[in-house]
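Colleague: Quick one: structure below, then a few questions.
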Amino acid sequence: MLPDVRGKGHAGRQLVVYCSEHTHSSIDKAVLMLGLGWDNLRKIPCDESLAMIPSKLEDQIKADRAAGFYPCAVVATTGTTSTAAVDPIDSVADVCSRENVWLHVDAAYGGVMALLEEERAPFRGWERADSIVLNPHKWLFTPFDLSVLYLRDMELLKRAFSLTPEYLKNAEEGQVMNLMDTGVQLGRRFRSLKLWMIFRCFGLEGLRERLRYHLKLAAELGRMVEESEEFELSLPVSMSLVCFRWKGHSDEEQLELMERLNSGGQFFISHTKVKGQIVLRCAIGHIRTSGEDIAAFFEEMRRLATL
């Protein structure tokens with residue numbers, strides 16, 4: 188996209204990156220690390236489901252071009268961290284195609300759900316992305332850390348990162364792909380062995396069975412919340428994440444309830460903010476989590492709420 192940046196840097200027109208209001212903070216950090224400046228990360232408004240609005244994205248890109256900026260990348264998410272919201276990838280890809288902007292899909296959490304044929308609707312259009320990231324350590328039962336990056340054109344990484352000093356040259360250079368040419372690190376540990384072991388241990392159908400079970404557990408917990416007098420869903424259940432609130436209580440009381448639960452040592456949940464309100468989050472992802480665990484968790488929540 189910027190053929191001279193390797194030699195001359197990006198001291199020309201200011202690069203701009205686009206994402207939704209609910210994109211993972213790693214995108215903010217990446218923009219800072221690249222020296223682009225936080226002011227040049229555009230947070231695109233979301234609809235009621237907390238998904239990016241493609242028309243707003245296109246309007247912002249056009250406005251930035253007119254102002255002399257250089258739109259360089261859009262980040263769309265399938266399964267946001269806070270609420271598991273899903274950006275409309277196909278429509279976002281249409282915008283990126285028209286505007287000639289790189290499309291990165293953050294499928295770090297939700298991407299593994301594409302293993303289930305009946306659950307692939309949220310991923311419609313992600314095959315059009317320039318890059319996709321998926322983290323098996325989040326919902327594919329793999330020990331931390333392991334992140335998988337897919338690229339439409341691996342040669343772009345090589346052109347950006349390849350650099351072979353004299354002390355690394357050898358007679359077999361070029362015969363195999365050298366991973367030092369695809370990122371900052373020269374060497375790296377054998378992370379992929381963990382994922383290979385997961386594949387060998389469970390197999391495709393075994394993984395699908397466990398993912399479906401987690402979706403079932405999330406749906407059951409959502410039903411418990413809806414049927415209870417003490418709690419209410421903040422959003423529809425998405426993927427394996429349930430977002431809910433303690434009815435009729437303040438943000439401070441939501442956090443106090445969460446701390447009481449977590450301090451017990453048996454269960455652990457987290458929180459986020461949705462539409463200005465504190466929301467409690469229960470993410471189901473451990474391979475041994477059972478229906479009995481979910482029932483016990485919610486019973487404890489109800490008990491603590493009545494103290």
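Counting in the working numbering, the sequence shown runs from 188 upward without gaps. Just so you know, even glycine gets a beta-carbon here, dropped at the ideal spot from N, CA and C. Note that the structure is predicted; figures quoted are calculated from it, not measured.
Considering only C-alpha positions, which residue in the set E417, R475, E360 and F331 is nearest to L494?
Modeller: Sequence index remark: in the sequence shown, residue 494 carries index 307 (1-based). L494 has its Cα closest to that of E417, out of E417, R475, E360 and F331.
Colleague: Which value, in whole angstroms, describes the spacing of the CA atoms of S477 and T459?
Modeller: Sequence index remark: in the sequence shown, residue 477 carries index 290 (1-based). Sequence index remark: in the sequence shown, residue 459 carries index 272 (1-based). S477 and T459: Cα-Cα distance of roughly 24 Å.
Colleague: Please list, in chain order, all residues of the same chain as L244 whose beta carbon is under 8 Å from its beta carbon, the five residues on each side excluded.
Modeller: For this step, residue 244 is matched to residue 57 along the sequence shown. Excluding residues within five positions, the ones whose Cβ falls inside 8 Å are Y205, I231, V261, V279 and V282.
Colleague: Considering only residues of the stretch 420-471, which uninterrupted beta strand (DSSP E) runs meet the minimum length of 3 residues and lie entirely inside it, listed in chain order?
Modeller: For the stretch 420-471, whole beta strand (DSSP E) runs of length 3 or above, ordered along the chain, are 428-433, 457-461 and 464-470.
Colleague: In this structure, how does DSSP classify S379 when only helix, strand and coil are distinguished?
Modeller: Reading the sequence shown from its first residue, position 192 is the one you call residue 379. Three-state result, S379: helix.
Colleague: Quick one, are the C-beta atoms of L422 and T270 less than 7 Å apart?
Modeller: On the sequence shown, residue 422 is found 235 positions in, with the first residue counted as 1. On the sequence shown, residue 270 is found 83 positions in, with the first residue counted as 1. Taking 7 Å as the Cβ cut-off, L422 and T270 qualify as a contacting pair.
Colleague: Where F485 and P323 are concerned, what is the direct C-alpha to C-alpha distance, given to the nearest angstrom?
Modeller: To locate residue 485, count along the sequence shown from 1; it is residue 298. To locate residue 323, count along the sequence shown from 1; it is residue 136. Approximately 27 Å, taken between the alpha carbons.
Colleague: Measure how close the beta-carbons of S207 and D277 come, nearest whole angstrom, since I'm counting them as under 8 Å.
Modeller: Looking up residue 207 in the sequence shown gives position 20. Looking up residue 277 in the sequence shown gives position 90. In fact, because the Cβ distance is near 15 Å, the residues do not count as touching under 8 Å.
Colleague: Check whether the stretch 427-444 and the stretch 328-336 are in contact - that is, three or more C-beta pairs closer than 8 Å.
Modeller: The answer is no - the stretch 328-336 does not touch the stretch 427-444, with fewer than three Cβ pairs under 8 Å.
Colleague: What does DSSP give as the partner residues of P258 in its beta bridges?
Modeller: Translated into positions along the sequence shown, residue 258 becomes position 71. V203, per the DSSP bridge assignment.
Colleague: Grouping DSSP H, G and I as helix and E and B as strand, with all else coil, what is S495?
Modeller: Nothing about residue 495 can be reported from this structure: the residues present for the chain run from 188 to 494 only.
Colleague: Going by DSSP, which residues form a beta bridge with D293?
Modeller: As a first step, residue 293 must be located in the sequence shown, where it is residue number 106. Partner(s): T264 and V320.
Colleague: Can you tell me whether DSSP reads K249 as helix, strand or coil?
Modeller: Looking up residue 249 in the sequence shown gives position 62. DSSP places K249 in helix when its eight states are reduced to three.
Colleague: Suppose you measure from the CA of A250 to the CA of Y296; what does that come to, to the nearest Å?
Modeller: Locating residue 250 in the sequence shown gives position 63, counting from the first residue. Locating residue 296 in the sequence shown gives position 109, counting from the first residue. For A250 and Y296, the distance between alpha carbons rounds to 32 Å.
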